[in-house]
Amino acid sequence: MAVPAPHRQPRYRAIANELRRRIAAGAIPAGALIPSESTLTVEFRVARGTIREAINLLRSEGLVVTEHGRGTYARPNLPIHRLGPERYLNRLPQPGDEVTEPGSDRLPPAEQVDAEYHEVSAAPELAEMFGVEPGTSLLERCLLASAYGVPQQLTTAYYLLGMVAGTPVADPRREPWPGGHVAQLRSLGVEVTKVQEVVQARMPTTDEVKSLRLPMGVPVLAVIRRTYAQTRTVEVATSMVLPANRTALEYEIRT
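Here you go:
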């Protein structure tokens, strides 16, 4: 009986494995350039096409990033954005909290928000979530939050226009609002009693890749949020999108 020949992985995979090992070990530090194609072809004694296949594999895994004019480098270790239940505490910011006054130009480097607000008509699904008739006027809020200059969260959320029209909550220039949307609602006399979230992991859309500046192969966490005052829905975020490689969701369960 013939003994099958040992399986040999493609050469480009072996090269990718070695470069992956160097990145993990810190031999190629986060943010540092990967050796050039010419250097790697000499080191591994392979054709340039084989090196490109290895780099493409690492790029698809999100381990390296290629920028025109700079080259290919190990993905930087960016700050982890931690999302825990305390962000929905029904309280105003306290002394010592790292926040600023609404509309201030003097924002901490970890908190920058680009906001666009629009008046829209409620589609049937949104109308059902709010418990109103389709076509009811809503305030659509499109927010891009950045941490330390890096896009971190892309949000599309809605309020009933009749609840916020003519108030500071309807002014995008006041973002970021200390205390978030819970504090916004409280400023209107609405006390939040429950926040419900559904989290799903998926690959990003083309627009999300562009807005969040995501490397190839990096998935996102997509969150749908409903905010309640007793049994009434007072806010809906149909899409909160965060890079999965630098986001941690923290939950606390008490029994």
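Each residue of the sequence shown is one higher than the one before, counting from 1334 in this note's numbering.
Note that beta-carbon positions come from the ideal geometry of N, C-alpha and C, so glycine has one too.
{"query": "Roughly how many angstroms separate the alpha carbons of Arg1507 and Arg1385, rounded to a whole number?", "result": "47 Å"}
{"query": "In angstroms, rounded to a whole number, what distance separates the CA positions of Ala1455 and Leu1493?", "result": "9 Å"}
{"query": "Does the beta-carbon of Arg1565 have 16 or more other beta-carbons within 10 angstroms, so that it is buried, or is it exposed?", "result": "exposed"}
{"query": "Should Pro1576 be labelled buried (16 or more other beta-carbon atoms within 10 Å of its own) or exposed?", "result": "buried"}
{"query": "Helix, strand or coil: which one does DSSP assign to Ile1367?", "result": "coil"}
{"query": "Indicate the three-state DSSP secondary structure (helix, strand or coil) for Leu1440 in the structure shown.", "result": "Legend: pLDDT at Leu1440 = 38, less than 50; position of this residue unreliable, value from coordinates given subsequently. DSSP places Leu1440 in coil when its eight states are reduced to three."}
{"query": "Run through DSSP, which three-state label would Glu1306 get?", "result": "An answer regarding residue 1306 cannot be provided, because it is not within the stretch 1334 to 1588 covered by the chain."}
{"query": "Got a sec? Which residues, its chain only, sit under 8 Å from Pro1537 by beta carbon, not counting five neighbours each side?", "result": "Leu1545, Leu1547, Val1551, Pro1552, Val1553, Val1574"}
{"query": "For the stretch 1519-1529 against the stretch 1479-1488, do three or more pairs of beta-carbon atoms, one drawn from each stretch, fall closer than 8 Å, so that the two count as touching?", "result": "no"}
{"query": "Here's the rule I'm using: 16 or more other beta-carbon atoms within 10 Å means buried, otherwise exposed. How should Glu1583 be labelled?", "result": "exposed"}
{"query": "Exposed or buried, which one is Arg1408 when buried takes at least 16 other CB atoms within 10 Å?", "result": "buried"}
{"query": "I need the boundaries of the alpha helix (DSSP H) containing Glu1541, first residue and last residue.", "result": "1539-1545"}
{"query": "Please work out which residues of its chain come closer than 7 Å, Cβ to Cβ, to Lys1527, disregarding the five sequence neighbours upstream and downstream, and give them in chain order.", "result": "Tyr1561"}
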